[in-house]
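Chains as they are written, first to last, in my numbering: chain X, 432 to 545; chain W, 264 to 378.
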Amino acid sequence: GDSVTQTEGLVTLTEGLPVMLNCTYQTIYSNPFLFWYVQHLNESPRLLLKSFTDNKRTEHQGFHATLHKSSSSFHLQKSSAQLSDSALYYCALSDNYGNEKITFGAGTKLTIKP
Amino acid sequence: GPKVLQIPSHQIIDMGQMVTLNCDPVSNHLYFYWYKQILGQQMEFLVNFYNGKVMEKSKLFKDQFSVERPDGSYFTLKIQPTALEDSAVYFCASSRQGEGTGQLYFGEGSKLTVL
C-alpha cells in the first residue's frame, strides 16, 4: 500500500534560520497528489500546500515545496523561521487523481526558539 | 470554506460507559475519516469509511470501536465500553471523491476524557 515517511519526529530551530522538513513517499500510482498540513496547538489540521505537478515549486504563506517524482520526495522549506511556525506538520499523499484514500505521515513537531 | 462539524466538542465520561462522537461532514463529500490525537502527540489514523463501509482501519481501531453513517446523517464513532487510554481528541475529516485533489477537511475535534 501507500506510505509516507517523515524522518524527523522533532525539529528545533532558532528563529531566523531556514526550515526543511523531509517527506518521502511510496505509491504504485504515477499521479499522486502530495500535501502538507499544519496543526497549531489546540487547533485542527489545515492544508498548507498541495502539489500534483512534477518539478514545480508550490508556495504558500512563506513555505514552499517541490514534488520530485524521480526521488519520491516533497520536502517542506522556508527561508527564515518565525516563532509562529511552531506546530505539527504532516505530509500526506493522495493517489490516482484523488479518488483513493489519503495517507498521512507520522508528523514532525517543529519548535522555533527565540 | 467547507466546514466539518463535530459534536460534542468535549465529553467527560466514566470508564466502561459508551460514548458516541458525531461528525457532520461537508455535504458533497463521500470519504470520511477518524483520527485520534493524545495530548502533546501526533495525530494517528483510526479508520476511513466510504460508501457505507469501512475501507481501512489501523491497529488503534479496537473491537470496542465502531463507525457508521446511517441514512446519510452524522458519521459517528462509537466506543463501547470506553477505557482510560481512549482519552484523546478525536478529529473527523472528509474529502470529496473525484475532485482531483483528495484534500481533507477537518473538524475542530471532540475532546474525550475517560475517568
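We treat Cβ as the ideally placed atom computed from N, Cα and C, and that holds for glycine. All values reported here derive from a predicted model rather than from experimental measurement.
Original post:
Considering F308 of chain W, what are the terminal residues of the beta strand (DSSP E) in which it resides?
Top reply: Along the second sequence, one-based indexing puts residue 308 of chain W at 45. Residues 307 to 313.
_Please list the terminal residues of the continuous beta strand (DSSP E) segment that includes K341 of chain W._
As a working note, residue 341 of chain W is residue 78 in the second sequence. Note, K341 of chain W: beta strand (DSSP E), 338 to 342.
Selected residue, minimal CA-CA separation from N486 of chain X, among X:P476, X:G493, X:F505: Residue numbering aside, residue 486 of chain X sits at position 55 when the first sequence is read from its first letter. Comparing Cα positions, the closest option is X:F505.
| Beta carbon proximity, S358 of chain W to chain X, threshold 8 Å | Here the question's residue 358 of chain W lines up with position 95 in the second sequence. Yes, its Cβ sits closer than 8 Å to a Cβ of chain X.
ask   = Sorted by chain position, which residues of the same chain lie with C-beta nearer than 7 Å to E439 of chain X's C-beta, five sequence neighbours on each side aside?
value = Against the first sequence, residue 439 of chain X aligns to sequence position 8. The answer, listed in chain order, is L452, N453, T539.
Requested in this report: Could you give the DSSP three-state label for D516 of chain X: helix, strand or coil?
Outcome: Taking the first residue of the first sequence as position 1, residue 516 of chain X is located at position 85. Three-state DSSP puts D516 of chain X in a helix.
Does L448 of chain X come out as helix, strand or coil in the three-state DSSP assignment? By 1-based counting over the first sequence, the position of residue 448 of chain X is 17. Reduced to three states, the DSSP call for L448 of chain X is coil.
_Cβ neighbour criterion (16 or more within 10 Å) applied to S336 of chain W_ = Here the question's residue 336 of chain W lines up with position 73 in the second sequence. S336 of chain W comes out exposed.
Contact between the segment 501 to 520 of chain X and the segment 271 to 283 of chain W is defined here as three or more beta-carbon pairs at a separation below 8 Å; is this criterion met? no
- [ ] Spell out the partners DSSP gives I459 of chain X in its beta bridges.
- [x] The residue given as residue 459 of chain X occupies position 28 in the first sequence. Its beta-bridge partners do not exist; DSSP assigns none.
Exercise for the section: Quick one: give me the first and last residue of the beta strand (DSSP E) that K320 of chain W is part of. Expected result: Within the second sequence, numbered from 1, the residue matching residue 320 of chain W stands at position 57. It spans 316 to 320 - the beta strand (DSSP E) in which K320 of chain W sits, taken as one unbroken run.
Check: Taking Cβ-Cβ distances shorter than 9 Å, what residues in chain W pair up with P476 of chain X?
Finding: In the first sequence, residue 476 of chain X corresponds to position 45, counting from 1. Neighbours of P476 of chain X on chain W, chain order: Y298, M306, F354, A356, L367, F369.
- Pick helix, strand or coil for L524 of chain X, following the three-state DSSP scheme. Start at 1 with the first residue of the first sequence, and residue 524 of chain X comes out as number 93. Strand at L524 of chain X.
Assign D526 of chain X to buried or exposed, taking buried as 16 or more other Cβ atoms, counted over all protein chains shown, within 10 Å of its Cβ. Taking the first sequence and counting its residues from 1, one reaches residue 526 of chain X at position 95. Per the 10 Å Cβ criterion, buried.
Between G315 of chain W and chain X, is any beta-carbon pair separated by less than 8 Å? Here residue 315 of chain W corresponds to residue number 52 of the second sequence, with the count starting at 1. G315 of chain W is outside the set of residues whose beta carbon lies under 8 Å from a beta carbon in chain X.
Report task. Please state whether DSSP places L347 of chain W in a helix, a strand or coil. Result -> In the second sequence, residue 347 of chain W corresponds to position 84, counting from 1. Judged by DSSP in its simplified three-state form, L347 of chain W adopts helix.
Check your understanding: Which residue's Cα is closest to the Cα of S434 of chain X: X:I543, X:P545, X:Y521?
Key -> Numbered from 1 along the first sequence, position 3 holds the residue referred to as residue 434 of chain X. Per the Cα distances, X:Y521.
Q. If we count Cβ pairs, one from each stretch, closer than 8 Å, do we get three or more for the segment 442 to 451 of chain X versus the segment 264 to 274 of chain W?
A. no
| request: Rounded to whole angstroms, what's the CA-CA distance from V352 of chain W to K299 of chain W? Just pull it up for me. | output: Here residue 352 of chain W refers to the residue found at position 89 when the second sequence is read from its first residue. Here residue 299 of chain W refers to the residue found at position 36 when the second sequence is read from its first residue. Distance between the alpha carbons of V352 of chain W and K299 of chain W is about 6 Å.
| request: Would you kindly check if the distance between the Cβ of Q470 of chain X and the Cβ of L519 of chain X is under 8 Å? | output: Translated into positions along the first sequence, residue 519 of chain X becomes position 88. Translated into positions along the first sequence, residue 470 of chain X becomes position 39. Against a cut-off of 8 Å, the Cβ pair of Q470 of chain X and L519 of chain X comes out as a contact.
Quick check on DSSP: helix, strand or coil for D277 of chain W? Translated into positions along the second sequence, residue 277 of chain W becomes position 14. Of the three classes helix, strand and coil, the one that applies to D277 of chain W here is coil, per DSSP.
(Q) Once the 5 residues before and after A523 of chain X are set aside, which same chain residues still bring their CB inside 8 Å of it? (A) Position 92 of the first sequence holds residue 523 of chain X. Here the set comprises V435, L465, F466, W467, Y468, I533, T534, F535, G536.
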